[in-house]
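FYI, our numbering numbers position 518 of the sequence shown as 520, with every residue one higher than the one before it.
Note that the Cβ used here is the ideal one computed from N, Cα and C, for glycine as well.
Computed from a predicted model, the values in this text were never measured in an experiment.
To start, the structure under review is shown below, and the notes come after it.
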Amino acid sequence: MDQKENDGIRKKGGLITMPFIFANEVCEKLAVVGFNTNMNSYLTTQLHMPLTKAANTLTNFGGTASLTPLLGAFIADSYAGKFWTVTVASILYQIGMISLTLSAVLPQFRPPPCKGEEVCRQASAGQLAVLYISLLLGALGSGGIRPCIVAFGADQFHESDPKQNTKTWSYFNWYYFVMGVAMLVAVTVLVYIQDNIGWGIGLGIPTIAMFFSIAAFIVGYPLYRNLNPDGSPYTRLVQVIVAAFHKRNVPYLSNPSLLYQNDELDASISLEGKLLHTEQMKFLDKAAIVTEEDDNKISNLWRLNTVHRVEELKTIIRMGPIGASGIFLITAVAQQHTFFLQQAKTMDRHLTKTFQIPAGSMFVFNILTMLITTAFYDRVFIKVARRFTGLDRGISLLQRMGIGFVISTLATLVAGFVEMMRKKAASAHGLLDHPHAIIPISVFWLLPQYSLNGMAEAFMSIGHLEFFYDQAPESMRSTAMALFWASISAGNYVSTLLVTLVHKFSARPNGSNWLPDNNLNKGKLEYFYWLITILQIFNLIYYLICAKLYTYKPIEFQDKGDSSSKGNQIELSSTV
């Protein structure tokens, strides 16, 4: 890319692009959260699925929708670019939403309603097929939107530009805030419509909104700062591995400055700065050792790679353990849409004698806490912490994530005690054998576990997202966002596995079970919550070890904003 084209890109982007970008993600969140929050109710009341099957269907769909971003990121970073990937994926998502809405409207796509005390007829294979195809299209659409839209928004800000006032860490805070507002609308307005007016209208509204968001996103095209893809980043990673393997018997160089560097070759993948050599994983450095067989003028990247390309691979490997630490937090959060919801359905949800909160809308307290915490963090906490740490972002990414882990662990611990109170109230009123009866205990006893999870997300999830973007090589940021969603996918699948194993191995000959299919009052849900708490404690210890050993990527960049600037500047991206 020549300097003129590069300068042209720098003149685009900025805050003016945010409404177009946020509109797309807001509508995707309206659709996903509006359905997921109440999906357990839809599967159990409309399709008559057993509780554990519905819970696993929900977490499997969430896991798949979080895994497809790996495909979307590959297409964006390698061939299509972020803009076109988001556009095509949004259209796929639109088709899936239309199909899902029609399945909720047309009675032939659902089993007949239950009559009296008779056993409800479950959905047929054909009816489930329509549901799963709709969900698959949605998952494929999410695969293109999720990894690209966040990175595409962050790409609109160039921090080495002295005229750029908005920092990327502030962008991530407000990105999550805007998404939280969309989620708030979904779990209040949309869930209320679904429960009281109908699923057809409840799904039709985000379907129509998605159509307009696609149009708005496309209209903003002339304003965007588009970074063109420069070949598959996965191929570059493999090339480094192959080259290092070929030279496994070549002795190490005592002076790292002798390793191969080629600024012209790396120009298109280091627009914001060049990665510098680090001492970890020195066996990969062999890919950058020049031997007599190598031709420096026309480099064969399967035999010789630059330091920048070697460091790309090192960076991704270093990010892996930290990224994986978020899996158990997602496993804990996943319970909000399954067992938290089932608890809420059995409790007194009346605000007045005539109005009661839909069980699915209890998630609103998670979102409200997340919004309040995020705003407080961005407006107050950062400024106060900055006085003590000297860091522009207040505290480091790893410290922010660690705080989130601690709060999440506390949330599941509290949830177990609240479940004991709920069952004690059911026993006191003789309702243990009545799974559909409303227990005279306020649903607001669930408020602490919802709120603590929301607070944990404001620290951990935003920090996790920013960590992947900040630490990833610049040409692999969609891929990094996909890894963020992959960790969410793994968390959902771990939840499915955990529910399945606990349901299987806690079963007793007398029919008792920690996680019963039809009567939560007879279960031991508190034991399940405390099992997750124990796993989170071990995960926190693992995270602290990884964080202690983690090395932030050092990057060298040329300040292009001031022609009188002398030389290059070197920064650790952790201090930005």
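Nonlocal neighbours in the same chain, by C-beta distance under 8 Å from residue i, ignoring five residues either side
{"i": "Asn62", "result": "Asn494, Tyr495 and Thr498"}
{"i": "Asn520", "result": "Pro52, Leu53 and Pro437"}
{"i": "Val416", "result": "Pro450, Gln451 and Leu454"}
Residues near residue i by beta carbon distance below 7 Å, same chain, minus five either side
{"i": "Thr553", "result": "Thr280, Gln282 and Arg320"}
{"i": "Val244", "result": "Trp304"}
{"i": "Val501", "result": "Thr54, Ala57, Asn58 and Leu517"}
{"i": "Asp9", "result": "Caution applies to Asp9, whose pLDDT of 48 falls short of 50 and renders its modelled position unreliable; the model cannot decide the point."}
{"i": "Thr190", "result": "Ser363 and Val366"}
When the options are compared against residue i, the one with the closest alpha-carbon
{"i": "Leu370", "options": "Tyr452, Ile409 and Asp394", "result": "Tyr452"}
{"i": "Thr103", "options": "Ile207, Leu130 and Glu314", "result": "Ile207"}
{"i": "Ser136", "options": "Lys55, Ile199 and Val34", "result": "Val34"}
{"i": "Gly362", "options": "Gly36, Ile405 and Leu373", "result": "Gly36"}
{"i": "Gly155", "options": "Leu467, Glu313, Ala56 and Asp380", "result": "Leu467"}
{"i": "Asp472", "options": "Arg395, Asp232 and Asn368", "result": "Arg395"}
{"i": "Leu1", "options": "Thr237, Phe367, Asp265 and Ile147", "result": "Because the chain here runs from 3 to 578, residue 1 falls outside it and cannot be looked at."}
{"i": "Thr317", "options": "Met478, Gln337, Met372 and Thr340", "result": "Met478"}
{"i": "Ile666", "options": "Phe470, Cys29, His505 and Ser398", "result": "The shown model of the chain, from 3 to 578, leaves out residue 666, and the question about it has no answer."}
{"i": "Gly143", "options": "Leu192, Ala106 and Leu69", "result": "Leu69"}
{"i": "Met212", "options": "Phe530, Gly145 and Ala91", "result": "Ala91"}
{"i": "Lys249", "options": "Thr333, Gly202, Glu295 and Ala482", "result": "Glu295"}
{"i": "Leu399", "options": "Leu286, Pro114 and Ser172", "result": "Ser172"}
{"i": "Trp201", "options": "Met99, Ala125, Ser514 and Asn257", "result": "Met99"}
{"i": "Phe219", "options": "Leu331, Ser429 and Phe85", "result": "Phe85"}
{"i": "Leu49", "options": "Glu274, Ser126 and Leu503", "result": "Ser126"}
{"i": "Tyr545", "options": "Leu331, Pro511, Val382 and Lys555", "result": "Leu331"}
{"i": "Phe22", "options": "Ala131, Gln337, Leu225 and Ala439", "result": "Leu225"}
N-terminal and C-terminal residue of the alpha helix (DSSP H) that residue i is part of
{"i": "Ile332", "result": "Ile329 to Val335"}
{"i": "Ile2", "result": "The structure shown has nothing for residue 2, since the chain only spans 3 to 578."}
{"i": "Glu295", "result": "Premise fails: Glu295 is in no alpha helix (DSSP H) and is neither H nor E."}
{"i": "Ala125", "result": "Run containing Ala125: none; DSSP gives neither H nor E here."}
{"i": "Thr376", "result": "Phe365 to Phe378"}
{"i": "Met99", "result": "Lys84 to Val107"}
{"i": "His248", "result": "Pro235 to His248"}
{"i": "Leu546", "result": "Leu527 to Leu551"}
{"i": "Ala326", "result": "Val309 to Ala326"}
Contacting residues, own chain, Cβ-Cβ under 6 Å from residue i (five flanking each side not counted)
{"i": "Leu260", "result": "none"}
{"i": "Met20", "result": "none"}
{"i": "Leu17", "result": "none"}
{"i": "Ser489", "result": "Gly325, Gly328 and Ile329"}
{"i": "Ser215", "result": "Ala25, Asn26 and Cys29"}
{"i": "Trp66", "result": "Here the sequence assigns Thr to residue 66, which means Trp is not the residue at that position. Only Ala141 meet the Cβ criterion."}
{"i": "Gln129", "result": "Phe111"}
{"i": "Met41", "result": "Leu60"}
Run of the beta strand (DSSP E) containing residue i, from where it starts to where it stops
{"i": "Ile409", "result": "Unbroken run through Ile409 is the alpha helix (DSSP H), Leu399 to Ala430; no beta strand (DSSP E)."}
{"i": "Ile271", "result": "Taken as a continuous stretch (DSSP letters only), Ile271 belongs to no beta strand (DSSP E), as it is neither H nor E."}
{"i": "Ser444", "result": "Ile441 to Ser444"}
Local conformation of residue i per DSSP, three classes
{"i": "Asp394", "result": "coil"}
{"i": "Asp157", "result": "helix"}
{"i": "Ser463", "result": "helix"}
{"i": "Pro450", "result": "helix"}
{"i": "Met51", "result": "coil"}
{"i": "Asp519", "result": "coil"}
{"i": "Glu220", "result": "It should be pointed out that residue 220 corresponds to Ile in this sequence rather than to Glu. Ile220: helix per DSSP, three-state reduction."}
{"i": "Ile18", "result": "helix"}
{"i": "Ile199", "result": "coil"}
{"i": "Met349", "result": "strand"}
{"i": "Asp564", "result": "Reliability fails at Asp564, whose pLDDT of 45 lies under 50, so the model's placement of it is uncertain and the value that follows must be treated cautiously. Residue state, collapsed to three classes: coil."}
{"i": "Pro115", "result": "coil"}
{"i": "Ile77", "result": "helix"}
{"i": "Glu558", "result": "strand"}
{"i": "Gln263", "result": "coil"}
{"i": "Gln358", "result": "strand"}
Contact test: residue i Cβ vs the ligand MG heavy atom, cutoff 7 Å
{"i": "Gln345", "result": "The ligand MG is not part of the structure shown, which contains no ligands of any sort."}
Residue-chain proximity (residue i, chain D), Cβ-Cβ < 8 Å
{"i": "Ile147", "result": "In the displayed structure, chain D is absent; only one protein chain is listed."}
Query raised in the report: Would you call the stretch 339-357 and the stretch 407-425 touching, i.e. three or more CB-CB distances under 8 Å?
Result: yes
**Report entry** Touching by the beta-carbon criterion (3+ pairs, under 8 Å), the stretch 96-115 and the stretch 176-194
**Finding:** no
Report task. Indicate whether the contact test is met: 3 or more Cβ pairs, each with one atom in the stretch 456-463 and one in the stretch 438-448, closer than 8 Å. Result -> no
Query - Contact the stretch 409-416 vs the stretch 531-540: 3+ CB pairs below 8 Å - result: yes
Query - Sufficient close CB pairs (3 or more, under 8 Å) joining the stretch 74-93 to the stretch 230-239 - result: Enough Cβ pairs lie closer than 8 Å, so yes.
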